[in-house]
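> There's a structure below that I have some questions on.
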């Protein structure tokens with residue numbers, strides 16, 4: 415039996431592992447036997463273990479490195495060497511994780527290799543060891559510009575192996591009461607890593623099958639919505655997993671309020687560029703238009719309209735896209751009108767009445783008042799009436815008031831006072847004047 | 110992770126994962142037998158998960174996966190199968206029921222066969238044979254009863270809907286036979302496109318002729334062949350080999366390019382190289398008789414219009430009572446050169462657009478015998 419100390423009760427073991435994951439472990443004192451010189455390999459090993467158990471990773475790394483060098487010189491092999499190799503690799507991993515600087519040496523040789531060599535000998539606590547190896551390979555892949563297909567494959571494999579072992583362990587521990595929620599979190603972590611790797615992988619389609627296999631395991635967990643969301647991604651854009659992963663990345667980025675709008679838009683744009691199907695591009699374009707519209711920043715209105723227009727060009731059949739495109743143009747027209755740019759207001763409104771969309775009366779309204787400002791009586795009256803009639807069918811009370819008022823205004827402005835008076839009488843309850 | 114002091118005394122033997130799981134379970138209070146069963150159930154569960162990883166890639170084969178994608182899937186499948194092998198090797202002799210052990214063996218064997226199918230699609234037939242052998246070893250004599258492995262898996266689904274998976278399962282014998290059919294049926298078809306205009310090549314497509322005899326089992330190989338051809342072309346190759354199962358195929362570029370060829374991959378012999386180009390030549394033949402030949406077959410399809418023939422390798426069929434000493438095969442090459450005539454094969458040079466004359470030996474009294 416291996417010598418790593420983990421309580422055998424799976425429930426306790428899980429808690430212990432999680433605690434180690436989160437806090438870096440607790441100490442088990444180890445002291446050099448009195449009869450050994452402090453620089454003897456055995457003493458170095460004890461000191462390395464003591465430092466490691468105390469989460470003193472710099473000291474553990476230093477001592478473990480000396481032990482491994484000494485072991486190689488003196489031909490020491492076996493379990494003890496494997497233990498200290500694990501201490502060495504894990505300590506370096508932790509040190510690097512806490513550092514913001516690029517790794518100064520050869521990450522594969524210094525961090526990954528000791529962990530892997532150790533795992534070949536020590537198979538105990540395999541879920542944790544493989545999880546750590548997955549992380550180490552993932553870091554190697556990330557640090558290498560996310561191009562190393564071998565590191566990517568290894569990272570995925572160790573992550574997968576980790577959750578499979580963990581799942582089987584949980585099955586084994588069911589008598590003690592395992593923690594399905596914790597297991598679901600590990601599955602989610604695996605799936606999130608899959609999505610992250612799919613974004614840059616040379617073989618992103620592979621993740622489609624990987625995700626489809628694992629995502630359903632979480633459908634009955636407290637995080638079922640997220641699992642379903644990830645599972646649904648495998649159907650996006652005809653199974654284009656790279657585009658799906660990029661899209662999800664952009665959507666998740668919306669939670670990051672520190673991210674600049676330009677960076678956010680850029681992430682969505684990357685996803686759009688990766689799409690193959692028009693309706694997928696249209697959907698993301700629409701979402702960007704929505705996002706930019708919600709910001710309600712005057713300088714983003716034109717950008718919102720551009721995305722909405724592109725969405726419409728890709729998929730003009732979608733009512734939601736038509737509505738978004740029309741709304742965006744309405745916002746632009748309103749903005750231009752408010753700032754006295756009546757030609758622009760007219761142009762945007764003319765664009766918005768070229769297609770049918772829910773709320774099109776807004777476009778007629780915009781067109782009417784912009785045309786009125788430019789002295790184009792026929793257009794002002796025609797579209798003013800259309801806006802008023804359409805709004806009357808759909809709305810009443812205060813929401814109808816602006817349409818009625820505008821219609822009355824343009825009628826008066828262009829010599830139709832009697833008709834204006836009739837409308838005024840009809841809609842007096844709206845507060846028109 | 111915490112690490113404690115090593116135990117004193119002799120090192121225990123290295124344990125594999127299964128043993129570790131079993132010992133871990135045995136440390137819990139309770140019935141020893143029940144613990145052992147639970148541990149083996151966990152082993153079976155883990156084996157099932159690894160096997161599912163291999164099977165999860167089979168839907169890839171419904172299409173024509175890129176070589177990189179297929180080889181990455183195979184790498185993953187190899188890893189899963191290696192884990193299964195370890196679980197099988199570590200299965201305790203005493204403890205679990207025979208049914209449980211047999212289920213574990215069948216799970217591992219099925220994964221090996223499914224890996225063999227992936228390898229076959231990647232044209233790594235040697236590795237595939239190795240995996241079939243390994244599957245047979247794992248199953249032994251006792252575990253073949255009721256054994257099935259997935260030969261094909263098709264998936265349909267949509268966001269918000271359950272994934273529908275249709276699988277075709279075969280027994281060991283059926284699986285082996287189907288794989289062997291794929292291994293033996295694919296024949297190397299050599300393509301020579303040096304005479305084709307480069308601008309036409311991107312549009313060149315290869316497909317099974319609708320009227321052809323490509324078997325449903327062979328369709329994945331056809332798709333794979335088409336992919337390999339496209340890949341060779343896009344990498345700038347003009348002469349290359351693509352394995353194809355027997356059947357009739359059509360190779361063509363855009364209409365009017367002159368690049369179109371229907372060809373046959375025979376069951377029992379290696380096919381002639383398929384030479385594709387827009388150049389044509391004419392041929393007059395002496396002696397000739399409409400009913401007695403000679404007849405010319407280009408890649409298995411008869412060419413009857415001798416006024417406009419594509420260059421390439423022709424098989425010659427004659428009535429030996431009428432024509433003597435005809436070769437089996439004639440290669441027509443565009444340009445000027447020295448003809449070569451051996452007993453079975455002739456090489457004839459004819460400038461593009463010109464008409465060459467082919468003289469065969471007339472059989473003695475051949476014409477009169479006809480009467």
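Protein chains in written order, with our numbering: chain A, 415 to 847; chain B, 110 to 480.
For every residue, glycine included, the Cβ atom is placed at its ideal position computed from N, Cα and C.
All values reported here derive from a predicted model rather than from experimental measurement.
Please tell me whether residue 579 of chain A has its Cβ less than 9 Å away from any Cβ of chain B.
Stepping through the first chain from its first residue, residue 579 of chain A is reached at position 165. Interface residue, yes.
> What's the C-alpha gap between residue 158 of chain B and residue 577 of chain A?
Locating residue 158 of chain B in the second chain gives position 49, counting from the first residue. Locating residue 577 of chain A in the first chain gives position 163, counting from the first residue. Going by the C-alpha atoms only, they are around 10 Å apart.
> Identify each residue in the region 555-581 of chain A for which the Cβ-Cβ distance to at least one residue of chain B is less than 8 Å, and report them in chain order.
Residues passing the 8 Å Cβ filter: 563, 567, 570, 571, 574, 575, 578, 579, 581.
> How would you list, in chain order, the residues of chain D whose beta-carbon sits under 9 Å from the beta-carbon of residue 604 of chain A?
The displayed structure is made up of protein chains A and B, and chain D is not among them.
> Hey, is residue 529 of chain A's beta-carbon within less than 9 Å of any beta-carbon in chain B?
As a working mapping, residue 529 of chain A is identified with position 115 in the first chain. Chain B, which has no Cβ nearer than 9 Å to the Cβ of residue 529 of chain A, makes this no.
> Taking residue 448 of chain B and residue 422 of chain B to be in contact with their CB atoms under 8 Å, please state how far apart those CB atoms are, rounded to whole angstroms.
Position 339 of the second chain holds residue 448 of chain B. Position 313 of the second chain holds residue 422 of chain B. Incorrect: roughly 15 Å between the Cβ atoms, too far for contact.
> To test your reading of the DSSP string, which unbroken alpha helix (DSSP H) runs of 4 or more residues are found completely within the region 722-769 of chain A?
You should have 733-752, 756-766.
> Give, in chain order, every residue of the region 257-276 of chain B whose Cβ lies closer than 7 Å to some Cβ of chain A.
So the close ones are 266, 267, 268, 269, 272.
> Are the Cβ atoms of residue 784 of chain A and residue 766 of chain A separated by less than 9 Å?
Position 370 of the first chain holds residue 784 of chain A. Position 352 of the first chain holds residue 766 of chain A. Their beta carbons are not under 9 Å apart, which means residue 784 of chain A does not touch residue 766 of chain A by this criterion.
> Spell out a yes or no on whether the region 391-411 of chain B and the region 358-378 of chain B are touching, meaning 3 or more CB-CB pairs, one atom from each, closer than 8 Å.
Yes, the region 391-411 of chain B touches the region 358-378 of chain B.
> Measure the Cβ-Cβ separation of residue 694 of chain A and residue 681 of chain A and say whether it is below 9 Å.
Counting from 1 along the first chain, the entry for residue 694 of chain A is found at position 280. Counting from 1 along the first chain, the entry for residue 681 of chain A is found at position 267. Not closer than 9 Å, so no.
> So for residue 579 of chain A, helix, strand or coil by DSSP?
Within the first chain, numbered from 1, the residue matching residue 579 of chain A stands at position 165. Note: residue 579 of chain A maps to helix in three-state DSSP.
> Counting only C-beta atoms, is residue 458 of chain B closer than 9 Å to chain A at any point?
In the second chain, residue 458 of chain B corresponds to position 349, counting from 1. For residue 458 of chain B, the answer is no, since every Cβ of chain A falls outside 9 Å of its Cβ.
> DSSP beta-bridge partners for residue 301 of chain B?
What you label residue 301 of chain B is simply residue 192 of the second chain in a count that begins at 1. BP columns for residue 301 of chain B point to B:348, B:384.
> Out of curiosity, what's the CA-to-CA distance linking residue 449 of chain A and residue 457 of chain A?
Taking the first residue of the first chain as 1, we reach residue 449 of chain A at position 35. Taking the first residue of the first chain as 1, we reach residue 457 of chain A at position 43. Per-residue confidence for residue 449 of chain A stands at a pLDDT of 47, beneath the threshold of 50, marking its modelled position as unreliable; no derived number is given.
> Once you ignore the five residues that flank residue 418 of chain B on each side, which residues in its own chain have a CB closer than 8 Å to its CB?
Against the second chain, residue 418 of chain B aligns to sequence position 309. Only 389, 390, 391, 392, 405, 407, 412, 441 meet the Cβ criterion.
> Can you give the Cα-Cα distance for residue 702 of chain A and residue 679 of chain A, rounded to whole angstroms?
The residue labelled residue 702 of chain A in the question sits at position 288 within the first chain. The residue labelled residue 679 of chain A in the question sits at position 265 within the first chain. About 7 Å.
> Using a Cβ cut-off of 9 Å (strictly closer), state whether residue 391 of chain B contacts chain A.
Within the second chain, numbered from 1, the residue matching residue 391 of chain B stands at position 282. No, no contact with chain A.
> Can you list the residues of chain A that residue 159 of chain B reaches, using a CB-CB cut of under 8 Å?
Along the second chain, read from residue 1 onward, the residue named residue 159 of chain B stands at position 50. Within chain A, the residues near residue 159 of chain B are 578.
> Smallest Cα separation from residue 643 of chain A: which of A:814, A:652, A:626?
Within the first chain, the letter at position 229 stands for residue 643 of chain A. Nearest option by C-alpha distance: A:626.
> Comparing alpha-carbon positions, which option in A:537, A:532, A:748 lies nearest residue 496 of chain A?
In the first chain, residue 496 of chain A corresponds to position 82, counting from 1. Nearest of A:537, A:532, A:748 to residue 496 of chain A, Cα basis: A:532.
> Count the other CB atoms, across all protein chains shown, that sit within 10 Å of the CB of residue 708 of chain A; report buried if there are 16 or more and exposed otherwise.
Against the first chain, residue 708 of chain A aligns to sequence position 294. Burial call: exposed.
> Of the choices A:536, A:549, A:629, A:593, whose alpha-carbon is the least far from that of residue 271 of chain B?
In the second chain, counting from the first residue as 1, residue 271 of chain B sits at position 162. The shortest Cα separation from residue 271 of chain B among A:536, A:549, A:629, A:593 belongs to A:629.
> DSSP three-state label for residue 398 of chain B, please.
Counting from one through the second chain, the residue named residue 398 of chain B turns up at place 289. Strand.
> Measure the C-alpha to C-alpha separation of residue 728 of chain A and residue 673 of chain A and round it to an integer number of angstroms.
Residue numbering aside, residue 728 of chain A sits at position 314 when the first chain is read from its first letter. Residue numbering aside, residue 673 of chain A sits at position 259 when the first chain is read from its first letter. Cα to Cα, the separation comes out at about 28 Å.
> Residue 543 of chain A: which of A:519, A:520, A:574 sits nearest, CA to CA?
In the first chain, residue 543 of chain A corresponds to position 129, counting from 1. Checking every option, the nearest Cα to that of residue 543 of chain A belongs to A:574.
> When the cut-off is 9 Å and only beta carbons count, does residue 204 of chain B lie next to chain A?
Numbered from its first residue, the second chain carries residue 204 of chain B at position 95. False, the Cβ-Cβ gap to chain A never drops below 9 Å.
> Quick check on DSSP: helix, strand or coil for residue 168 of chain B?
Within the second chain, the letter at position 59 stands for residue 168 of chain B. It is helical.
> Tell me, please, whether the CB atom of residue 188 of chain B is closer than 9 Å to any CB atom in chain A?
Walking along the second chain from the start, residue 188 of chain B turns up at place 79. By this cut-off, residue 188 of chain B is an interface position.
> Out of curiosity, what's the CA-to-CA distance linking residue 425 of chain A and residue 535 of chain A?
Here residue 425 of chain A is taken as the residue at index 11 of the first chain, counted from 1. Here residue 535 of chain A is taken as the residue at index 121 of the first chain, counted from 1. Annotation note: pLDDT 36 at residue 425 of chain A (below 50); position unreliable, coordinate value reported separately. Roughly 26 Å between the two C-alpha positions.
> Quick one: Cα of residue 570 of chain A to Cα of residue 165 of chain B, how far?
Residue mapping note: residue 570 of chain A aligns to position 156 of the first chain, counting from 1. Residue mapping note: residue 165 of chain B aligns to position 56 of the second chain, counting from 1. Their Cα atoms are separated by approximately 15 Å.
> In three-state terms, what does DSSP make of residue 490 of chain A?
For the purposes of this step, residue 490 of chain A is taken as residue 76 along the first chain, with counting starting at 1. It is coil, neither helix nor strand.
> Assuming residue 831 of chain A is part of the alpha helix (DSSP H), what are its boundary residues?
In the first chain, residue 831 of chain A corresponds to position 417, counting from 1. It spans 831-840 - the alpha helix (DSSP H) in which residue 831 of chain A sits, taken as one unbroken run.
> Please return the same chain residues whose Cβ sits closer than 6 Å to the Cβ of residue 800 of chain A, not counting the five positions on each side in sequence.
Counted from its first residue, the first chain places residue 800 of chain A at position 386. Hits under 6 Å: 778.
> Taking the alpha carbon of residue 262 of chain B as the point to measure from, which residue in B:468, B:398, B:201, B:162 has its own alpha carbon closest?
The count along the second chain starts at 1 and reaches residue 262 of chain B at position 153. Of the candidates B:468, B:398, B:201, B:162, the one whose C-alpha sits nearest the C-alpha of residue 262 of chain B is B:162.
> If you draw a straight line from the alpha carbon of residue 545 of chain A to that of residue 501 of chain A, how long is it in whole angstroms?
For the purposes of this step, residue 545 of chain A is taken as the residue at position 131 of the first chain. For the purposes of this step, residue 501 of chain A is taken as the residue at position 87 of the first chain. If I take the Cα positions, the gap works out to 15 Å.
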